[in-house]
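What follows is a set of notes on a single structure, which appears directly below.
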Amino acid sequence: MKNNARTISDNKKHDKTAKKKSLPPEKSLSPKKKKDEKKNIVETGKKKSGLKDSATFRRLAAHPRYKKHAERYQNILENIRDGYFEVDFAGNFTFFNDSVGRILGYSSEELTGMNYQQYTDKESAKKVFQAFNEVYKTGEYTEGLDWRIIRKDGAKRYIEASVSLLKDSTGKQKGFRSIIRDITERKQMEERYRRIFENAQNGIYQSTLDGRFIMANQSMAQILGYDSPEDLILSITDISRQLYANPEECMQFIEIMEKQGLVKNSEIQFKKKDGRMIWISRTAQVVRDEKGQVLYYEGIIEDITDRKDSLDRLRNALGGTVRALASVVETRDPYTAGHQRHVADLALAIAKEMDLPTDRIEGLRMAAIIHDIGKISVPAEILTKPGKLTDLEFSMIKIHSQSGYNILKDIDFPWPVALMVYEHHERMNGTGYPRNLKGNDILLEARILAISDVVESMASHRPYRAALGIEAALEEIEKNKGFIYDDVVVDACLRLFREKGYKLT
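Those letters in the sequence shown? Residues 11 to 515, by my numbering.
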């Protein structure tokens, strides 16, 4: 940029007919001042406020009619935290409030007549010149202009400015006015977030309502098999069809997200660029404007394929253990073996009717298959006795919950299987066994097992009695709903049989 301060002022003096628009863009703001010019502008002597030295302020203060307005004007500008200044077309300060000095670290004397290049970082100077020049050419106000400054003490800070043209009382353009604020802390935070975003192990993204990515980090691209975020953004034009095995799952997820606002740790399979399927866990939310309209979606994804594979192997191993335990009971009591399978089927159906998470249902299934494992500690002749049990015999039957817990408690299940087995004979009013638990002190899975156990037992044949039938079983749980049995679980069970045609197999 060239020194054009004199050129602009001289042109205005010698060619009064020249129009402002005829000035070339580069003459709208001078990059720096001459040394002798600086000496003529900078005031010396007693320290004065840049605000009170303003010709505008002196003119207003001297006029009785405007004195109060001038004082109010002064008070506002001296007390706002933002800096306010005016510069001529050369970029030299002609007016400023005290906050400008605080932000830049200079005294009022030092600031008076100072050129913008004296406190602007070299890397920002061109951008600043172009921004002010654009305001000059278009006459339009601009905001959000940020640049780096160098304070008197050498510290580098960031400021954000709004800029507009300054006119005199006749409407003639004479410079610029600007409001600035220190945004260094915000910039530093943005930089920290940028580094976190770029270096995060999880994928981070933003997407539009019509299924396009508008932002993604490198990990997001790598997880989905793309070379770069740019490659991902350009390649994916329909998220539902290009990433989801079933596009309807995408729409269902969006509906849930828009209803709840935030969805955490939802697991789904995605297609990679090469067509391979991977498991991801996603947490996503809706971003809305002040009127509540959806602007875009944003979220985080994690590749959990290896974890899912390991969990599947663990579940298979545990499944083998559970089946082995169940077979032990089967060899001693064929009725118990069939009963456990039927209870497991009904318990799973109830849990699904209640919309329990898939993982929780899997834990319930494991517990249901072996919920009577403790009966291996009960003599076989008692288990298969055709007549009524004595009090002593019944007390021996009742220990099977404790025995089952003792057998299972040291097995490292991913779910509280041992507790489910321990509590499946507890009742909501505290009349159950072995610990007389009440209400919500009983695991929900155990409450589901309790109802499944009662319904299957009453509806099926036993050595000591004939089957009572499904209607008798349903009447039992309905009659004692909310008293002995959990009312939500009872309602789900009744819907299955009476509305959805469920049958014990």
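Cβ coordinates follow ideal geometry from the N, Cα and C atoms, glycine included.
Span of the alpha helix (DSSP H), counted from its first residue to its last, around residue i
| i | result |
| --- | --- |
| alanine 135 | 132-148 |
| valine 339 | 315-342 |
| glutamate 372 | 368-379 |
| phenylalanine 423 | No alpha helix (DSSP H) holds phenylalanine 423; DSSP gives it neither H nor E. |
| threonine 152 | Note, threonine 152: premise wrong, no alpha helix (DSSP H); beta strand (DSSP E) at 152-160. |
| glutamine 211 | Looking at the DSSP string, glutamine 211 is not in any alpha helix (DSSP H), and its letter there is neither H nor E. |
| valine 110 | 108-114 |
| glycine 414 | 410-418 |
| lysine 269 | 257-270 |
| serine 118 | 118-121 |
Of the residues the options, the one placed nearest residue i, counting alpha carbons only
| i | options | result |
| --- | --- | --- |
| threonine 293 | Arg187, Phe493, Gly213, Asp319 | Gly213 |
| tyrosine 512 | Gly492, Val499, Ile480, Ile487 | Ile480 |
| tyrosine 432 | Pro424, Thr148, Ser413, Asn326 | Ser413 |
| phenylalanine 493 | Tyr307, Leu176, Gly442, Glu201 | Gly442 |
| methionine 468 | Asp355, Gln262, Glu485 | Glu485 |
| phenylalanine 186 | Thr148, Leu506, Ser217 | Thr148 |
| serine 217 | Asp248, Arg158, Val500 | Asp248 |
| aspartate 355 | Gln303, Met376, Glu240 | Met376 |
| leucine 459 | Ile421, Ile487, His471 | Ile487 |
| isoleucine 278 | Leu305, Leu272, Glu312, Val296 | Glu312 |
| tryptophan 157 | Lys197, Gly440, His435 | Lys197 |
| serine 320 | Trp289, Lys448, Asp241 | Trp289 |
| alanine 327 | Phe423, Glu509, Gly181, His434 | Phe423 |
| glycine 221 | Val173, Ser411, Ile243, Ser238 | Ile243 |
Euclidean distance between Cα positions of residue i and residue j
| i | j | result |
| --- | --- | --- |
| lysine 489 | arginine 437 | 14 Å |
| glutamate 195 | leucine 253 | 39 Å |
| tyrosine 495 | aspartate 463 | 12 Å |
| lysine 419 | leucine 429 | 8 Å |
| proline 41 | alanine 100 | Here the model assigns proline 41 a pLDDT of 43, short of 50, so the residue's position is not dependable and the matter cannot be decided. |
| arginine 112 | glutamine 127 | 18 Å |
| asparagine 227 | threonine 515 | 51 Å |
| phenylalanine 106 | glutamate 96 | 6 Å |
| glutamate 259 | glycine 373 | 24 Å |
| valine 498 | glycine 348 | 26 Å |
| alanine 390 | leucine 454 | 31 Å |
| arginine 342 | isoleucine 383 | 11 Å |
| lysine 408 | lysine 318 | 38 Å |
| serine 32 | valine 110 | Caution is warranted here: a pLDDT of 32 is assigned to serine 32, below 50, making its placement in the model unreliable, and the coordinate value is therefore given only provisionally. Computed Cα separation, rounded: 33 Å. |
| threonine 152 | methionine 287 | 49 Å |
| lysine 37 | phenylalanine 207 | Only weak support is given to the placement of lysine 37: the predicted model assigns it a pLDDT of 42, under 50, and the question is left unresolved by the model. |
| phenylalanine 263 | arginine 202 | 31 Å |
| leucine 335 | proline 444 | 22 Å |
| aspartate 46 | alanine 141 | Residue placement at aspartate 46 is flagged as unreliable, the pLDDT there being 39, under the threshold of 50; the coordinate-derived value follows with that caveat. The straight-line gap from Cα to Cα measures roughly 27 Å. |
| glycine 271 | leucine 219 | 14 Å |
| tyrosine 307 | glutamine 295 | 6 Å |
| glutamine 350 | valine 500 | 19 Å |
| serine 179 | aspartate 98 | 15 Å |
Residues near residue i by beta carbon distance below 7 Å, same chain, minus five either side
| i | result |
| --- | --- |
| isoleucine 371 | Leu358, Ala361, Lys362 |
| glutamine 211 | Ser229 |
| tyrosine 415 | Ala428, Val431, Tyr432 |
| methionine 225 | Tyr215, Gln216 |
| leucine 305 | Val297, Arg298, Asp299 |
| aspartate 241 | Ala231 |
Outcome for residue i when other beta-carbon atoms lying within 10 angstroms are tallied against a minimum of 16
| i | result |
| --- | --- |
| methionine 230 | buried |
| threonine 130 | buried |
| proline 34 | Confidence in proline 34 is poor, its pLDDT being 36 and thus under 50, which makes the residue's placement unreliable; the coordinate value appears in the next sentence. Burial call: exposed. |
| arginine 204 | exposed |
| methionine 124 | buried |
| isoleucine 452 | buried |
| alanine 502 | buried |
| glycine 309 | buried |
| histidine 471 | exposed |
| aspartate 401 | exposed |
| glutamate 466 | buried |
| arginine 457 | buried |
| serine 411 | buried |
8 Å CB neighbourhood of residue i in its chain, flanking five on each side removed
| i | result |
| --- | --- |
| lysine 283 | Leu234, Gly235, Tyr236, Ser245 |
| arginine 505 | Glu363 |
| alanine 482 | Met468, Ala469 |
| lysine 177 | Gln183, Lys184 |
Within-8 Å CB hit, residue i to chain C
| i | result |
| --- | --- |
| glycine 373 | The structure shown has no chain C; it contains just one protein chain. |
Where the beta strand (DSSP E) through residue i begins and ends
| i | result |
| --- | --- |
| lysine 283 | Looking at the DSSP string, lysine 283 is not in any beta strand (DSSP E), and its letter there is neither H nor E. |
| leucine 176 | 166-177 |
| methionine 225 | 223-226 |
| lysine 510 | Counting along the chain, lysine 510 falls outside any beta strand (DSSP E), and DSSP gives it neither H nor E. |
| tyrosine 94 | 93-97 |
| serine 250 | Counting along the chain, serine 250 falls outside any beta strand (DSSP E), though it belongs to the alpha helix (DSSP H) covering 249-252. |
Contact set for residue i: own chain, Cβ-Cβ below 6 Å, skip 5 residues either direction
| i | result |
| --- | --- |
| isoleucine 190 | Gly93, Ile169, Ala171 |
| aspartate 163 | Gly115 |
| isoleucine 380 | Val332, Leu335, Ala336 |
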